[in-house]
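Input: a single structure, listed below in structure tokens.
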Amino acid sequence: MEVKDRLELVLRNVAEPIEEFVITLQDLKELLKKKANPSAYIGYEPSGPIHIGYLPSIEKILDFQRAGFKVIILLADLHAFLNRKGPLELIQEVSETYWREIFKALGADKAKFVLGSSYQLEKDYVLDLMLLSERVRVKEAWRAMTIIAREAENPTVSQYIYPLMQALDILYLEADVAFGGTDQRKVYVLAREQFSQSDIKLNHEIWVPVIIHLPMVIGLTGEKMSSSKPETHIAVHDRPETIKKKMRNALCQPDVIDPDKNPIFSFLRYVIFPYIDKFVVHREEKYGGDIIYTRIEDLEKDYLAKRLHPLDLKMAIANYFIERLKPARKKLEEDPDILRPIYKLQKWQWEHGFIGRDAWEKLSKEYSYYGL
């Protein structure tokens, strides 16, 4: 495959402007010229069910694979444990069974899966974490924290350490490229800044990685998508009727097409249109019959002009998700035990007050379909 074709795959559906969210484009081009099979890494905290908010990164994993990259998926069990998301052994079980098997079912079967605790407790890693912590100022680490941690009244010490661990993960996973959502930008900028300094000395070999950021999909209600709030997301194990019900209730303002404000257009722009040739909206003949879109701009015009009803659009998106998640549902129907660890983890979270009673009732109802 030509370099330009590989570049096109890697840049498909990345956050814009590219100059801000691909760091740097020139470094990426040089990497593709230099290596036929470079490596790319993404990390996940395996603390909840996989849902449609992960689809942009899953599709990007597939793009990287098509472009000849070796993809490494870090399942950050220690991060989840230190974030008090559950017992470490249960989080590891969720990582090794549910997360690994669902990602494979959705197409990431060629990726290499690595458990964070398999190397993050080793002597060299811990020493490098100490060396890096000696170089990074508290204010720098604070800026690189997650938004939730920065807004906390009294952040824990571990929340200051996470960004440094994420930086070191790039080296210890031997990644040429690190990618993730736009919420990870400050973490990876910190990594590039530190690793580009000539006086830095670590036990591990050092290089400056290429950083690529992906757009963030907002939740069905317009707020942040959350694994503990079933009304905000569609989980991979949700039944087709549940998906349709959730989509029917999703926020969809009549005059808003901003993907960062209207979840319906967030799905269309960041999840669906980058990966399809045509999008079909089924309608009864008395309402104009089926309509096919090959460009999102045409759909947006029809929506703003009231030629496309929100409910018809929602149901078309529901049908897309039902089909896209079908391999995962099939896998779980064939082997429901894959789902058991995540059920146990969310039950633990409910019992310890991290999930509300109403939310747990909705979550457990969906799990019961699989005999849990």
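Residue numbers for the sequence shown follow my numbering, beginning at 682 and rising by one. Heads up, the beta-carbon is just placed ideally off N, CA and C, and yes, glycines get one too.
| Query | Result |
| --- | --- |
| Mind reading off the beta-carbon distance from Ile731 to Ile892? Whole number of angstroms is fine, and I expect it under 8 Å. | The pair is not a contact, with the Cβ atoms about 24 Å apart (cut-off 8 Å). |
| Here's the rule: buried if 16 or more other CB atoms are within 10 angstroms of the residue's CB, otherwise exposed. What is Gln878? | exposed |
| Mind reading off the beta-carbon distance from Ile699 to Ile723? Whole number of angstroms is fine, and I expect it under 8 Å. | Actually they do not touch by this definition, with Cβ atoms about 18 Å apart. |
| For a quick check, are the C-beta atoms of Ala951 and Pro896 less than 7 Å apart? | Here residue 951 is Tyr; the residue named in the question, Ala, does not match the sequence. Contact: yes. |
| If you drop the 5 nearest sequence neighbours on each side, which residues of the same chain put their C-beta closer than 7 Å to that of Pro944? | Ile899, Gly900, Leu901, Gly903, Ala931 and Leu932 |
| In whole angstroms, what is the alpha-carbon distance linking Glu912 and Gly1034? | 18 Å |
| Helix, strand or coil for Leu989 per DSSP? | coil |
| For Pro940, count the other beta carbons within 10 Å of its own beta carbon; 16 or more makes it buried, fewer makes it exposed. Which is it? | buried |
| With DSSP run on the structure shown, which of helix, strand or coil describes His760? | helix |
| Run through the DSSP bridge pairs and tell me what Phe750 is partnered with. | Beta-bridge pairing links Phe750 to no other residue. |
| Sort Pro737, Met928, Trp823 and Asp805 by Cα distance to Ser839 and report the nearest one. | Trp823 |
| Nearest to Tyr974 by alpha carbon, out of Glu701, Leu852 and Val961? | Val961 |
| Taking only three categories from DSSP, how would you classify Lys927? | helix |
| Apart from the five residues on each side of it in sequence, which residues of its chain come closer than 6 Å, Cβ to Cβ, to Asp864? | none |
| Would you report the Cα separation of Ala848 and Ser814, rounded to the nearest angstrom? | 11 Å |
| Where does Lys793 sit, in a helix, a strand or coil, going by DSSP? | strand |
| Looking at Asp744: is its Cβ nearer than 7 Å to the Cβ of Leu709? | no |
| Closest to Ile938 by C-alpha separation, out of Arg976, Leu985, Lys882 and Leu994, would be which residue? | Leu985 |
| Taking DSSP's pairing of strands, which residues face Phe960 in a bridge? | Tyr974 |
| Going by C-alpha to C-alpha distance, which of Ile842, Leu1053, Lys685 and Thr837 sits closest to Val817? | Ile842 |
| My parser needs the alpha helix (DSSP H) runs of 4 or more residues fully inside the stretch 803-844; what are they? | 804-816, 819-825 and 828-832 |
| Could you tell me which whole alpha helix (DSSP H) segments of length 4 or greater appear in the stretch 981-1048? | 991-1005, 1007-1015 and 1021-1032 |
| Do you know how far the Cα of Ile851 is from the Cα of Leu712? | 16 Å |
| Closest to Ala761 by CA distance: which of Val795, Ser776 and Gly749 is it? | Ser776 |
| Can you tell me whether Met906 is buried or exposed? The criterion is at least 16 other CB atoms within 10 Å of its CB, across all chains shown. | buried |
| Classify Ala862 as helix, strand or coil using the three-state DSSP reduction. | For clarity, residue 862 is Gly in the given sequence; the question names Ala instead. Note: Gly862 maps to strand in three-state DSSP. |
| Going by alpha carbons, who is nearest to Leu1059 out of Lys1043, Leu812, Gly862 and Gln934? | No answer is possible for residue 1059: the residues shown for the chain start at 682 and end at 1053. |
| Could you give the distance in angstroms between the alpha-carbon of Ile998 and the alpha-carbon of Lys1012? | 22 Å |
| For the beta strand (DSSP E) holding Val891, just list the boundary residues, first then last. | Val891 to Leu895 |
| Please report the distance separating the alpha-carbon of Glu782 from that of Ala916. | 15 Å |
| Can you tell which of Val695, Tyr1048 and Tyr1001 has the C-alpha that lies nearest to the C-alpha of Arg859? | Correcting the residue identity first, residue 859 is Ala in this sequence and not Arg. That would be Val695, whose Cα lies nearest to the Cα of Ala859. |
| Go ahead and label Gly861 buried or exposed: buried means 16 or more other beta carbons lie within 10 angstroms of its beta carbon, across all protein chains shown. | buried |
| Three or more beta-carbon pairs under 8 Å between the stretch 1024-1032 and the stretch 977-984, yes or no? | no |
| My guess is that Met996 and Met928 are in contact by the Cβ rule of under 8 Å, so how many angstroms apart are they, rounded? | 7 Å |
| Contact defined as beta carbons within less than 8 Å: I believe Val795 pairs with Leu763. What is the distance between those atoms, to the nearest angstrom? | Not quite, the Cβ-Cβ distance comes to about 18 Å (not below 8 Å), so this is no contact. |
| Where does the unbroken beta strand (DSSP E) through Ala721 begin, and where does it stop? | Ser720 to Tyr725 |
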